[in-house]
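First comes the structure, then the notes that go with it.
Protein chains: 2
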Amino acid sequence: MSEELVTFFKALSDANRLKIIGLLAQKPYSVEELAALLDLKASTVSHHLSKLAKVGLVSARADSYYNVYQLDEKALELKSRSLFSQENLAASVVDVDADAYDNKVVKDYLRKDGGLKTIPAQRKKLDAVLRHVAKAFKPGKRYSEKQVNEILKNYHADTASLRRELVGSGIMKREGGGGDYWREE
Amino acid sequence: MSEELVTFFKALSDANRLKIIGLLAQKPYSVEELAALLDLKASTVSHHLSKLAKVGLVSARADSYYNVYQLDEKALELKSRSLFSQENLAASVVDVDADAYDNKVVKDYLRKDGGLKTIPAQRKKLDAVLRHVAKAFKPGKRYSEKQVNEILKNYHADTASLRRELVGSGIMKREGGGGDYWREE
DNA sequence: AATCTAATTCGATACTCATCGAAATAAATA
DNA sequence: TATTTATTTCGATGAGTATCGAATTAGATT
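As given, the protein sequences belong to chains P and B, one line each in that order. Per this note's numbering, residue 298 is the first one in the first sequence, and the count goes up by one each step. Per this note's numbering, residue 298 is the first one in the second sequence, and the count goes up by one each step.
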């Protein structure tokens, strides 16, 4: 889950909270002492400490009048080691739509009737459009050149270019020398 | 300097920027592709990338039409290892006034004429006040009990308590059995 | 039990920043 | 050279948050 990582980094992206960590790395302090050292009000320090506590970096221990906070060095060590682990990197990406770019490109090039406005000149966009067009062919089924043209006509008048690009990009296959076309399963 | 650390953490405390890092960990992407994948506008992605670039985590490489961004894995590795190093922890604390707490406590207990309102009951505050009072004694010089009382009278009528606490806390020394008092250098 | 004291919570304010759209830039193709 | 396209910059807006002071809570001392 990515939210947890964000929360962790947010907890550390404040100068005063970093100072608190630096101070607690030396020895435990009460809220009052931290407030005096940082020239902040106790309520503000309490706010900071609660954020640090929420991510498990500090913890409190009651000592007579005071609430003494201490740094959890174990957690610090553990976190810093795993921050950019393969798991965390992968986890941050789980909810991105891998086809979003293709979809956007195709949408930009498609008319309302499903035909192509133009055939993209740029490689990346052409590929995205080709992948879309290829869906009109059933995987594994073989088509004659005439049948291929019939289908491609729905997308653009220049069926020859489409056909050539489909084969050239490897999205569709062609049996050597004027044979049939097909899309791999 | 602590500002650099804060900037680094801030660069990472945004869900979309973490997603960008996760994506770039797989392969380089252009701004446009990232925008589509994250469902953001290109200007927003550009903003995010500039923040990541500022802390050295990503860099751009021009590729025909596109500006392809890539993750600097070396920098990532390096940074993550040194984030909570002793140097960084210490650096975050350099500009805090170590005496701020003592000063605040003393200020709270001092009248305008320099005398004590009361003698603090709490250990921590008593210590702070004692450290202040002790400054009235020249380090190394020896004082008779009478002289000590004369000086302590300026702070509080209960000179016996002050004297006892000064010795008990170890701030002042006393030669065994009714001898002289002194403060270590 | 009554009283202090430190800590936390709450409401308000000011500032930072993510996001967008529009305008300006840069780079490559035609 | 003119035009297209991706990117960056700029200004505005809305959401988030650091900070404070006041009120409340929690604990300990008397």
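Just so it is clear, CB atoms sit at the ideal spot from N, CA and C, and this is done for glycine as well. It should be emphasised that the depicted structure is a prediction, and the values quoted were computed from it without experimental measurement.
Beta-ladder partner(s) of Tyr440/B, from DSSP: BP columns for Tyr440/B point to Tyr478/B.
Close-in-space but distant-in-sequence residues of the same chain around Trp479/P (CB under 6 Å, 5 per side omitted): Correct list, in chain order: Arg439, Lys470.
Contact with chain B by Lys316/P, beta-carbon distance below 8 Å: Interface residue, yes.
CB contact check: Ala377/B to chain P, cutoff 8 Å: According to the sequence provided, residue 377/B is Ser. The question's Ala does not apply to it. Residue-level contact by beta carbon holds for Ser377/B and chain P, with a gap shorter than 8 Å.
Pair within 8 Å by beta-carbon distance, Val328/B and Ser343/B: Result yes, Cβ atoms of Val328/B and Ser343/B sit closer than 8 Å.
Sheet register partners of Met469/B (DSSP bridge): According to DSSP, Met469/B bridges with Arg480/B.
Proximity test, Cβ basis, 8 Å: Gln419/B and chain P: At a cut-off of 8 Å between beta carbons, Gln419/B contacts chain P.
Cβ shell of Pro356/P (< 8 Å), same chain only, five flanking positions each side left out: This sequence places Ser at residue 356/P; Pro is not what is there. Within the same chain, Ser356/P has close Cβ partners Ala350, Tyr366, Gln367, Asp369.
Whole-angstrom distance between Gln383/P and Phe305/B, CA atom to CA atom: Rounded to whole angstroms, Phe305/B and Gln383/P show a C-alpha spacing of 20 Å.
Residue-chain proximity (Ser347/P, chain B), Cβ-Cβ < 8 Å: Under the 8 Å criterion on CB atoms, Ser347/P is classed as non-interfacial with respect to chain B.
Per DSSP, the bridge partner or partners of Arg358/P: Per the DSSP secondary-structure output, Arg358/P pairs in a beta bridge with Val365/P.
Pairwise C-alpha distance: Thr456/B and Gln444/B: Roughly 11 Å separates the two Cα atoms.
N- and C-terminal bounds of the alpha helix (DSSP H) containing Leu302/P: For Leu302/P, the uninterrupted alpha helix (DSSP H) segment begins and ends at 299-309.
Chain-ordered chain B contacts of Ala397/P [CB-CB under 7 Å]: The answer, in chain order, is Ala333, Leu334, Asp336.
CB of Lys422/B within 8 Å of CB of Ala333/P, strictly: No, they are not a contact pair.
Where Leu380/P falls: helix, strand or coil (DSSP): Here Leu380/P carries a coil assignment [DSSP, helix/strand/coil].
Residue from Asp392/B, Tyr406/B, Ala387/B with nearest C-alpha to Gln419/B: Measuring from the Cα of Gln419/B, the nearest candidate turns out to be Tyr406/B.
DSSP beta-bridge partners of Ser327/P: Within the DSSP secondary-structure output, Ser327/P pairs in a beta bridge with Val365/P.
Ser466/B and Leu413/B closer than 8 Å at C-beta: Using a Cβ distance threshold of 8 Å, Ser466/B and Leu413/B do not count as a contacting pair.
For Lys316/P and Val393/B, believed in contact at Cβ under 8 Å, the rounded distance: About 6 Å; that satisfies the 8 Å criterion.
Ile416/P to Tyr398/P span [Cα, whole Å]: In a straight line, the C-alpha of Ile416/P is about 17 Å away from that of Tyr398/P.
Reference Pro436/P; option with closest CA among Lys371/P, Lys376/P, Phe381/P, Glu481/P: Scanning Lys371/P, Lys376/P, Phe381/P, Glu481/P for the CA closest to the CA of Pro436/P turns up Glu481/P.
Contact check, Asn385/P vs Ser377/P, beta carbons under 8 Å: Their beta carbons are not under 8 Å apart, which means Asn385/P does not touch Ser377/P by this criterion.
Proximity test, Cβ basis, 8 Å: Lys351/P and chain B: No, because no Cβ of chain B sits closer than 8 Å to the Cβ of Lys351/P.
Closer than 7 Å at the beta carbon, the chain P residues around Lys401/B: Correct list: Ala333.
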